[in-house]
């Protein structure tokens, strides 16, 4: 479920200059009460705008079902697996620039060095990132973005927010989007047609990768995606740490009262 939503968010990470205007429009509407939730059901503490979010989610879902998903299916059908792998490697390589910058902002020089090494190796030996030699060399870096940086800087909790076209996120992550856009190499391409084409290819490729995972979604589609997204996001912010395991702590000791005679009976 975590992997599904990690890609789901990226699939709707459209990059365009009208983001500030759209964000203001969305926030002006965000006072809508959670009218989409069933009466009597306990509201999610991180989703106070559920009514508004559900309406935007429904809009995005219809748009995806009748436009993006059919295109993604066609792409998956006609594109050989090695080519799809190369496309994924290419865009992953570009994202290492953003990872390196945000790692420095978060005070993680080691991760920044790994991301920089990956970018340099894959951009040269890997033929512009089409081949992922860095992973073969076991040079890996944790992906970082500005939303994670804001969390490290103290914005620990943030309200869940679904934006038109952009999909699931939080107010914190949406605030970090302009920086992430500025940190992406594609943003600085002079050829606007090529830039738009590459952005569309990135979205279609990620959406195609989700086709086989949709069977995992069960129950209320909106809540499943919301909960999975928030869980995955917290996992990323914590750099994969799930918390302390009491059985793995050195100072964990059993007491005689923890066991009775029945516990040792055959």
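Residue numbers (the numbering used here): 532 to 797.
For glycine and all other residues, C-beta sits at the position ideal for the given N, C-alpha and C.
- Taking 9 Å as the cut-off, the Cβ atoms of residue 592 and residue 752 count as close.
- In the structure shown, residue 587 falls within a helical segment according to DSSP collapsed to helix, strand and coil.
- Proximity to residue 589 across 754, 711, 690 and 712 peaks at 754, based on C-alpha coordinates.
- Annotation for residue 681: the continuous alpha helix (DSSP H) segment containing it runs 677-683.
- In summary, residue 596 is exposed, with fewer than 16 beta-carbon neighbours lying within 10 Å of its beta-carbon over all protein chains present.
- Shown here for residue 686: same chain residues with a beta carbon closer than 6 Å to its own, the five before and five after excluded, namely 703 in chain order.
- The beta carbon of residue 646 lies closer than 7 Å to those of 627, 630, 631, 634 and 672 in the same chain, with the five residues before and after it left out.
- For residue 693, the pairing in a beta bridge is given by DSSP as 699.
- Taking all protein chains in view, the Cβ of residue 762 is surrounded by fewer than 16 other Cβ atoms within 10 Å, so the residue is classified as exposed.
- Nearest in C-alpha terms to residue 712, of all of 655, 690 and 625, is 625.
- Minimum Cα-Cα distance from residue 674 among the listed residues 733, 690, 641 and 617 corresponds to 641.
- Between the alpha carbons of residue 667 and residue 580 lies a gap of roughly 44 Å.
- Between the C-alpha atoms of residue 656 and residue 650 there is a straight-line separation of about 10 Å.
- In the DSSP assignment, residue 620 falls within the unbroken alpha helix (DSSP H) covering 612-636.
- Excluding sequence positions up to five before and after residue 618, its CB lies within less than 6 Å of the CB of 736, all in the same chain and listed in chain order.
- Taking a C-beta distance under 9 Å as the contact criterion, residue 701 and residue 637 do not qualify as a contact pair.
- Setting aside the 5 residues that flank it on each side, residue 665 is surrounded in the same chain by 649, 652 and 653, each with a C-beta closer than 6 Å to its C-beta; the list follows chain order.
- The closest CA to that of residue 644, considering only 670, 662 and 658, is found on 670.
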